[in-house]
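Engineer: 19 is the number of the first residue of the sequence shown in my numbering; add one for each residue after it. Glycine included, every Cβ here is placed at the ideal spot set by N, Cα and C. There's a structure below that I have some questions on.
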Amino acid sequence: MYHPLYHPLSDGWTLRPAVPAVVPSAVLDAGAVPATVPGCVHTDLLAAGLIDDPYLDDNENRLGWIGDTAWTYATAFTWTPDGHERTDLVCEGLDTVATVTLNGVRLGRTANQHRSYRFPARHLLREGDNTLEIRFDPAPAYAEAWRAALGERPGAYAAPYPFVRKAACNFGWDWGPALVTAGLWRPAGLESWSGARLAEVRPVVRVEGGRGEVEVHVRVERTSEEPLAVTAEVAGASVEVPVPAGRRRAVARLSADDPALWWPRGYGAPHRHDLTVRLRDARGRAAGEWRRKIGFRTVELEPEEFRLSVNGVPVFVRGVNWIPDDCFPARVTRDRLAARFAQATGAGVNLLRVWGGGLYESEDFYDLADELGLMVWQDFPFACAAYPEEEPFRTEVEAEARENVTRLAPHPSLVLWCGNNENLEGHADWGWPERLEGRTWGAGFYHDLLPSIVAELDPTRPYWPGSPYSGSPELPPNDPASGTVHIWDVWNREDYTRYAAYTPRFVAEFGFQGPAAYATMRRAVSGELARDAPLVLHHQKADDGDGKLLRGLGDHLPRPATFDDWHWLTQLNQARAVTYGIERFRALAPHCSGTILWQLNDCWPVTSWSAVDGDGRRKPLWYALRRVYADRLLAVLDGEVAVVNDTDRPWRGELLLVRHGLGGEPLAKEGVPVDAPPRSAARVPLPPAVGVPGDPRRELLVARLGESRAVGFYAEDTAVDFPSAAYEARAEPVAGGYRVTVTARTVLRDLALFPDRLDPAASVDDMLVTLLPGESATFTVATGQELDPGALTGHPVLRCVNETAP
Ligand code: BMA
């Protein structure tokens, strides 16, 4: 096997301010501090003990100078000539406005976080000691200079992020702090080679008549003009093609007989096949090797319905939006991604949308998605603003798009390229044209440059110009009747019951806020935890977020009197709101072909729309999502029961409907035969005996079909005449934690356990269970600590809506 000679430059780095002016004296006095590559200034200063943790309290407010300072990363290394003709300095990611200097000679300047860079360096390397310096100039100043030169562009935020190719949310978002990073955010190293190397390998995979066809597009870089050969192998097929003298490109075509296909979760196994590509020189010696696991599958998109089909099978998307999992992306390891993806798949998710305010994610990200059968929708990194199309941006955008489309093309999980987030809507609906006064805003990127790059380099994958978008420039982009819609009147202005007024084709964003887990808030904020404590509010970035959370309780849930009640009720309301929407959208299948929750994850501890908070803890929404994103969903809606069957088997049986008094006594029973064919949604009208209550304040409905159970009330919780909760609860130690059994003596509405209040590392397997008198629920609490059984079964760890105030 061929291994390129690679010398990682991960050691011996230091960091120091390059322009001392705005830096606190403690940082100046420290001089050069040890630095981690890959990493960034914030994490290096934190490790050196020179700043407070940017994620705690309101420390963010005192760290703005970091982004406004120029920084120099430097390392010294020993180099011995290795007999190769070429040695390149390869920087996989520079954030962002960088000047690279080797042994005092400038190698290059860069200004794009979304690209990698290769600098021929052999001529500057010296036997023995060498020094490499990378200076990062402040991205905000760079962006402001371009804003001044090219003219203001309207957008949702004042920060100048459209004027620098760097993750937009790094400048602050409605869930993220403004911590403008700098540094080598991906690895760097020296790569030596002679004669030729594999510069690019881009497989185009098709499935035709049961055969797997792979066109492997190869680009070589070479120092000599001798003839070369490329060999490629996949799934038992192999081929060799010449790269004649003077040529730099070749296409190897492979045809595999009946390969096992890659299927998304819930539709089949995500089979993958090793694709190996080798480059040989004229004497048959190995000059390069490239290996990836590819998948055989087709993807089509019907634009009006916005229906994705994989291998010819229409897929209902149960998606979540993905934001960078940390403001400091070098901390997002493969293990962390694996844990986050397990949380997604554990909640029934089959698609991640990599949102345009973030990044093109790492190889690990897409590789894990491939392995898990998780589909990926990738936005190009443009969000919520008009973007200039003038130079240098046009060239940068083209270069980053070509590189990333090529890099991600091998991944079967990737099912869609999308031009941007909300920029088409912004232009159509947010009054941009008047403010633009004819200046460019990005239309040429989304409607021309990006689709032509995708068509050229990745012709089998669908491209969508932006989200929301209705499929034609004539239609309003956020028209729910066609293409994708983002539903934000709910949360911003409307009660969540407004979701019922929508008959959308595909909801690519919608969501509702809730606070982070108690243990997460406790870690992030010192002093008193109160809803309106200034430090708590610092971890709420949305416009009037605190007011919207309270108003959003509507008449659904009681007004909270204490912090603990506020925390519980707003978390619960988040779960309820999303449940309400997804139940209705899924019931609309196949008219509706998918929902993508805003948002799976957070990048720091914050009150946000996420299901999993910034410390990786699952919020009540996660448990609700697992229920509404299950393969089979039974839901009591208004006057009907939805029976959603997203499996390949029919879901048949007798739907048992019982109207109960709150004391548990059955008042009326009906049985309705149900036959929900594979991949369908049936809606069963409630027979009047169970659909119409005698007293809406004192009754509830239980629906059962096979293993599934759903509970509905005839009035909002604030109007229900709940008895004060009564129950017996016991906690017994079991291997790995405790088993908590709760037996209801009265109805218990949305029973939940929050063991993180006792042990920050503790978690529970289920919550939001409604019990009738006499029914029991068992919860498993995972913890390594000994917990007080009384605390585990009492307020504020054990909660339900109708509990008595302690
Ligand atoms: C949409 C997203 C994000 C934002 C979210 C919540 O606009 O695209 O920009 O965080 O709504 O406001």
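(1) For A92, which residues from the same chain have a beta carbon less than 6 angstroms from its beta carbon, with the 5 sequence-adjacent residues on both sides left out?
(2) Beta carbon of V394, beta carbon of V338: below 8 angstroms?
(3) Buried or exposed for N188, please, with buried defined as at least 16 other CB atoms from any protein chain shown within 10 angstroms of its CB.
(4) Is D192 close to the ligand BMA? I mean its beta-carbon at under 7 angstroms from any heavy atom of the ligand.
(5) So what does DSSP say about S628, is it helix, strand or coil?
(6) Runs of 4 residues minimum, wholly inside the segment 511-544: which ones carry the alpha helix (DSSP H) assignment?
(7) Whole angstroms is fine: what's the gap from L319's alpha carbon to F181's?
(8) Along the chain, where does the alpha helix (DSSP H) containing Y175 start, and where does it finish?
(9) Leaving aside the five residues before and after R240 along the sequence, list all residues of the same chain whose C-beta is less than 6 angstroms from its C-beta, in chain order.
(10) Report yes or no: do the segment 406-425 and the segment 366-376 share at least 3 C-beta pairs separated by less than 8 angstroms?
(11) Report whether the distance from the Cβ of W373 to the nearest heavy atom of the ligand BMA is below 7 angstroms.
(12) Could you check if A882 belongs to the surroundings of the ligand BMA, using beta carbon to heavy atom distance under 7 angstroms?
(13) Counting pairs of beta carbons, one from the segment 347-366 and one from the segment 548-563, are three or more of them closer than 8 angstroms?
(14) Out of S470, E443, W669, R540, which has the shortest C-alpha to C-alpha gap to W459?
(15) Using a Cβ-based criterion (distance less than 7 angstroms to any ligand heavy atom), does A401 qualify as near the ligand BMA?
(16) Going along the chain, which residues of its own chain have a beta-carbon closer than 6 angstroms to the beta-carbon of A733, five neighbours each way excluded?
(17) CB of W616 to nearest heavy atom of the ligand BMA: below 7 angstroms?
(18) Compare the beta carbon distance of L64 and A44 with 8 angstroms and say whether it is the shorter of the two.
(19) Quick one: grab the DSSP three-state call for V717.
(20) Is the beta carbon of D388 less than 8 angstroms from the beta carbon of Y536?
(21) Looking at H235: is its Cβ nearer than 8 angstroms to the Cβ of R220?
(22) Taking D100 as the reference, which of V115, R127, E145 has the closest Cα?
(23) Hey, out of R602, P430, A534, whose CA is closest to V554's CA?
(24) Excluding the 5 residues flanking A694 on each side, which residues of the same chain have their C-beta closer than 6 angstroms to its C-beta?
(25) Is DSSP giving V198 helix, strand or coil here?
(26) Can you tell me where the beta strand (DSSP E) with W97 in it begins and where it stops?
(27) With 16 other CB atoms within 10 Å as the buried threshold, where does G391 fall?
(28) What residue ranges within the segment 225-284 form continuous beta strand (DSSP E) runs of no fewer than 3 residues, ordered along the chain?
(29) Which word fits N79, buried or exposed, when buried means at least 16 other C-beta atoms lie within 10 angstroms of its C-beta?
(30) Taking buried to mean at least 16 other C-beta atoms within 10 Å of its own C-beta, is P706 buried or exposed?
(31) Using the beta-carbon count (16 or more within 10 Å), is D631 buried or exposed?
(32) Determine the direct distance from the alpha carbon of R296 to that of M19, and round the result to whole angstroms.
(33) Taking 8 angstroms as the cut-off, decide whether the C-beta atoms of W83 and A36 are in contact.
(34) Would P522 be called buried (16 or more neighbouring beta carbons within 10 Å of its own) or exposed?
(35) May I ask you to report which of helix, strand or coil DSSP gives G1?
(36) Return yes when at least one heavy atom of the ligand BMA lies under 7 angstroms from the C-beta of E162, else no.
Structural biologist: Once the coordinates are examined:
(1) Taking the sequence shown and counting its residues from 1, the one referred to as residue 92 is at position 74. Here the set comprises T32, E151.
(2) As a first step, residue 394 must be located in the sequence shown, where it is residue number 376. As a first step, residue 338 must be located in the sequence shown, where it is residue number 320. No, the pair does not count as a contact, with Cβ atoms beyond the cut-off.
(3) For the purposes of this step, residue 188 is taken as the residue at position 170 of the sequence shown. N188 should be labelled buried.
(4) As a working note, residue 192 is residue 174 in the sequence shown. Yes, Cβ of D192 sits closer than 7 angstroms to a heavy atom of the ligand BMA.
(5) Taking the sequence shown and counting its residues from 1, one reaches residue 628 at position 610. It is coil, neither helix nor strand.
(6) 536-542
(7) What you label residue 319 is simply residue 301 of the sequence shown in a count that begins at 1. What you label residue 181 is simply residue 163 of the sequence shown in a count that begins at 1. Cα to Cα, the separation comes out at about 32 angstroms.
(8) In the sequence shown, counting from the first residue as 1, residue 175 sits at position 157. Per DSSP, Y175 belongs to no alpha helix (DSSP H) and is neither H nor E.
(9) For the purposes of this step, residue 240 is taken as the residue at position 222 of the sequence shown. Excluding residues within five positions, the ones whose Cβ falls inside 6 angstroms are A214.
(10) no
(11) Locating residue 373 in the sequence shown gives position 355, counting from the first residue. Yes; taking the cut-off as 7 angstroms, the Cβ of W373 has a heavy atom of the ligand BMA nearer than that.
(12) This structure gives no information on residue 882, because the portion of the chain shown stretches from 19 to 824.
(13) no
(14) Sequence index remark: in the sequence shown, residue 459 carries index 441 (1-based). Nearest option by C-alpha distance: E443.
(15) Position 383 of the sequence shown, counted from the start, is the residue given in the question as residue 401. Yes, the beta carbon of A401 sits closer than 7 angstroms to at least one heavy atom of the ligand BMA.
(16) By 1-based counting over the sequence shown, the position of residue 733 is 715. Same-chain partners within the cutoff: P714, R715.
(17) Reading the sequence shown from its first residue, position 598 is the one you call residue 616. Yes.
(18) Counting from one through the sequence shown, the residue named residue 64 turns up at place 46. Counting from one through the sequence shown, the residue named residue 44 turns up at place 26. Going by C-beta atoms, L64 is not nearer than 8 angstroms to A44.
(19) On the sequence shown, residue 717 is found 699 positions in, with the first residue counted as 1. Correcting the residue identity first, residue 717 is Glu in this sequence and not Val. Three-state DSSP puts E717 in a strand.
(20) In the sequence shown, the residue the question calls residue 388 occupies position 370. In the sequence shown, the residue the question calls residue 536 occupies position 518. Not in contact: D388 and Y536 (Cβ atoms no closer than 8 angstroms).
(21) Start at 1 with the first residue of the sequence shown, and residue 235 comes out as number 217. Start at 1 with the first residue of the sequence shown, and residue 220 comes out as number 202. Yes. Within cutoff.
(22) Taking the first residue of the sequence shown as position 1, residue 100 is located at position 82. If we check each option's Cα against that of D100, E145 comes out closest.
(23) For the purposes of this step, residue 554 is taken as residue 536 along the sequence shown, with counting starting at 1. Considering only alpha carbons, the answer is A534.
(24) What you label residue 694 is simply residue 676 of the sequence shown in a count that begins at 1. Same-chain partners within the cutoff: V661, N663, W669, A700.
(25) On the sequence shown, residue 198 is found 180 positions in, with the first residue counted as 1. The answer is coil: DSSP assigns V198 none of H, G, I, E or B.
(26) Here residue 97 refers to the residue found at position 79 when the sequence shown is read from its first residue. That run of the beta strand (DSSP E) goes 89-97.
(27) In the sequence shown, the residue the question calls residue 391 occupies position 373. With 16 or more Cβ atoms within 10 Å of its Cβ, G391 is classed as buried.
(28) 229-240, 246-252, 255-261, 267-275
(29) Here the question's residue 79 lines up with position 61 in the sequence shown. Exposed.
(30) Locating residue 706 in the sequence shown gives position 688, counting from the first residue. Per the 10 Å Cβ criterion, exposed.
(31) To locate residue 631, count along the sequence shown from 1; it is residue 613. With 16 or more other Cβ atoms within 10 Å, it is buried.
(32) Along the sequence shown, read from residue 1 onward, the residue named residue 19 stands at position 1. Along the sequence shown, read from residue 1 onward, the residue named residue 296 stands at position 278. In this predicted model, M19 has a pLDDT of only 44, less than 50, meaning its place in the structure is not dependable; the value taken from the coordinates is given anyway. Rounded to the nearest angstrom, the two C-alpha atoms are 9 angstroms apart.
(33) The sequence position of residue 83 within the sequence shown is 65, counting from 1. The sequence position of residue 36 within the sequence shown is 18, counting from 1. Not a contact, by the Cβ cut-off of 8 angstroms.
(34) Residue numbering aside, residue 522 sits at position 504 when the sequence shown is read from its first letter. Per the 10 Å Cβ criterion, buried.
(35) The displayed coordinates of the chain run from 19 to 824. Any statement about residue 1 would go beyond what the structure contains.
(36) For the purposes of this step, residue 162 is taken as residue 144 along the sequence shown, with counting starting at 1. No, Cβ of E162 sits at least 7 angstroms from all heavy atoms of the ligand BMA.
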